[in-house]
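Visitor:
Protein chains in written order, with our numbering: chain U, 44 to 237; chain F, 47 to 240.
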C-alpha cells in the first residue's frame, strides 16, 4: 500500500514561485518527501521521460482531438490535419520545448496510495477542466484551444506518475538505479501508520 | 547594489513537522529566486565545515552557553565536565552535527538584491522564543536556550540562513556544485526591477 510517486514542477510553476505551494499541498496531505532536486534536463532526457512509442504518440493525438471536440473548436483550422499520429508528433515536439523553458524540480513522494492521492490533488491535466481545489485549477486557466492557437502545448505545470509501473520507471529514470532514499519519521506517521 | 546568494537549510524539525512548503513559499512570495535545491542527508564532513572549525567560533558559542548557564544559576561544569569556553563550543558543535542528521534536510539557494539581509529578516531571531511573529522561527517554533540546555540538546530553530554575504558564498559552494545552480527569470521580475 505504501507507494512512491514522481512529481515534477515544470518551468512555468518554478518561474511563478509555486514550488512552496506544491510542496505544501503534498506535505499537508501527509505524503513524505523522499528526494528533490532542481534540474535543467536536455531535450533527450525530456524526450525519454515519455514512452515515445508510436502507440503513445497516437494516444496523445487522440487526446488532443477529444479535447477540441469537447470545446467545439475546429482542429483542422488550427493544425491543418486531424490525423492522430501527426497531431501526437506535433504535441510531443512542443512538449519538449515547454519543459526546456527553464529549470524544473523533480521530487519523489511516499505514502499510502501516494500515486492516486498525488494525481487527485494535481487535478485534470487541462487546467480549464480541473476540479476546483486541485493545483491545476487553482493556478491556471490554460486550455487546448488556447495553447494550440499560440503554437504550444497545454502548460500542465505538474507531472505526477499515473500508475505503479510508471512511477517505478520514472523514479529510476530521474534518480538512477542505485538511489537510496533515507526513511525518516513525519509527525503524521504515529497517527496513521501505526 | 549587487545580487547575493544565501543558503537556506530547512532543518530536521522543519522537515519532520511537514512545513517545508510553507517556509519556502515565504521566500518565493517576497520575490527571491530559488536557483538550486536538494533534499538529502547532510554528511558529517560537510556539517563540520559548515560551522567554522575555528577557535574563534568555538569560543563564541562556548561563551554564549556559559553566559546563559550563569544567568540561570546552573553549573556548566556538571553538564559539560569543563568550564572552558572552547571545549564547550566543541560539545555544542557535536550537538549541531547530531541535530542536522536527525532526518534529511531541505537545502535551497536563493538569489536576490540584498538577499542576506532579507533572508535573515524573514527567518527571524535565531532563538525561536525571541523571534517576532511573521518570521519563520517566530511563527513555527518557540524553543528557548534554557530548555535546550536543560535537555542537553541544541536549540531547534527550524531553519539555517546564511549570516553574511561571505558566508553565503562559502556555504553555497560547500553544499552545491555550479552545475546544480540555475539562471532564469521569474515571471514577476520585470515588475520588480526595471
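We put the CB at the ideal spot given by N, CA and C, even for glycine.
Remember, predicted model here, so these are calculated numbers, not experimental data.
Assign residue 94 of chain U to one of two classes, buried (16 or more other C-beta atoms within 10 Å of its C-beta) or exposed (fewer than that).
Guide: Looking at its Cβ environment, which holds fewer than 16 other Cβ atoms inside 10 Å, residue 94 of chain U is exposed.
Visitor: Go through the segment 69 to 144 of chain U residue by residue and report every complete run of the alpha helix (DSSP H) that reaches 4 residues or more, in order.
Guide: List check, alpha helix (DSSP H) in window: 86 to 90, 97 to 114, 118 to 122, 127 to 142.
Visitor: Name the one or two DSSP bridge partners that residue 154 of chain U has.
Guide: Answer is U/46.
Visitor: Could you tell me which of U/121, U/154, U/225 sits nearest to residue 47 of chain U, measuring between CA atoms?
Guide: The shortest Cα separation from residue 47 of chain U among U/121, U/154, U/225 belongs to U/154.
Visitor: On the DSSP bridge assignment, give the partners of residue 159 of chain F in chain order.
Guide: Bridge partners of residue 159 of chain F: F/49.
Visitor: Measuring CB to CB, does residue 56 of chain F end up less than 7 Å from residue 164 of chain F?
Guide: No, they are not a contact pair.
Visitor: Taking only beta-carbon atoms, is residue 78 of chain U less than 7 Å away from chain F?
Guide: So, interface residue.
Visitor: Nearest to residue 146 of chain U by CA position, among U/233, U/123, U/60, is which residue?
Guide: For the residues U/233, U/123, U/60, the minimum Cα distance to residue 146 of chain U belongs to U/60.
Visitor: Under three-state DSSP, which class holds residue 54 of chain F?
Guide: If DSSP states are grouped into helix, strand and coil, residue 54 of chain F belongs with the strands.
Visitor: Does chain F have any CB closer than 7 Å to the CB of residue 227 of chain U?
Guide: Chain F contact via Cβ: present.
Visitor: Among F/104, F/123, F/177, F/235, which one has its Cα closest to the Cα of residue 158 of chain F?
Guide: Comparing Cα-Cα distances from residue 158 of chain F to each of F/104, F/123, F/177, F/235, the minimum goes to F/235.
Visitor: Name the residue from U/168, U/75, U/237 whose alpha carbon lies nearest to the alpha carbon of residue 107 of chain U.
Guide: Ranking U/168, U/75, U/237 by Cα distance to residue 107 of chain U puts U/168 first.
Visitor: Using a Cβ-Cβ distance cut-off of 7 Å, determine whether residue 230 of chain F contacts chain U.
Guide: Cβ-Cβ to chain U under 7 Å: yes for residue 230 of chain F.
Visitor: For a cutoff of 7 Å on Cβ pairs, would you count residue 67 of chain U as touching chain F?
Guide: Yes, its Cβ sits closer than 7 Å to a Cβ of chain F.
Visitor: Consult DSSP for residue 131 of chain F and reduce its assignment to one of helix, strand or coil.
Guide: Residue 131 of chain F falls in the helix class under three-state DSSP.
Visitor: Any chance the segment 221 to 231 of chain U sits against the segment 67 to 87 of chain U, with 3 or more Cβ pairs inside 8 Å?
Guide: Enough Cβ pairs lie closer than 8 Å, so yes.
Visitor: So for residue 82 of chain F, helix, strand or coil by DSSP?
Guide: Strand at residue 82 of chain F.
Visitor: Alpha carbon to alpha carbon, how far is residue 214 of chain F from residue 98 of chain F?
Guide: Roughly 13 Å between the two C-alpha positions.
Visitor: On the criterion of 16 or more Cβ atoms from any shown chain inside 10 Å, does residue 184 of chain U qualify as buried, or is it exposed?
Guide: Exposed: under 16 other Cβ atoms inside 10 Å.
Visitor: Report all residues from its chain with a CB closer than 6 Å to the CB of residue 83 of chain F; omit the five preceding and five following residues, and keep chain order.
Guide: Only 154 meet the Cβ criterion.
Visitor: Terminal residues of the continuous beta strand (DSSP E) containing residue 206 of chain F?
Guide: 205 to 207 is the extent of the beta strand (DSSP E) around residue 206 of chain F.
Visitor: Do the segment 139 to 149 of chain F and the segment 47 to 66 of chain F meet, that is, are 3 or more Cβ pairs less than 8 Å apart?
Guide: Short answer: they touch.
Visitor: Touching or not, the segment 126 to 143 of chain F and the segment 100 to 109 of chain F, by the rule of three or more beta carbon pairs under 8 Å?
Guide: Touching, yes, given that three or more Cβ pairs across the two stretches are closer than 8 Å.
Visitor: Determine the chain F residues that contact residue 212 of chain U at a beta-carbon separation under 7 Å, and present them in chain order.
Guide: The premise fails here: residue 212 of chain U is roughly 21 Å from chain F at the closest Cβ pair, so nothing lies under 7 Å.
Visitor: What residues from the segment 52 to 67 of chain U come within 9 Å of chain F, judged by C-beta to C-beta, listed N to C?
Guide: Answer set for the segment 52 to 67 of chain U: 54, 55, 57, 58, 59, 60, 61, 62, 63, 64, 65, 66, 67.
Visitor: Could you check how far apart the C-beta atoms of residue 151 of chain U and residue 218 of chain U are, in whole angstroms? I think they sit under 8 Å.
Guide: Going by Cβ atoms, the distance from residue 151 of chain U to residue 218 of chain U rounds to 7 Å, so yes, they are a contact pair.
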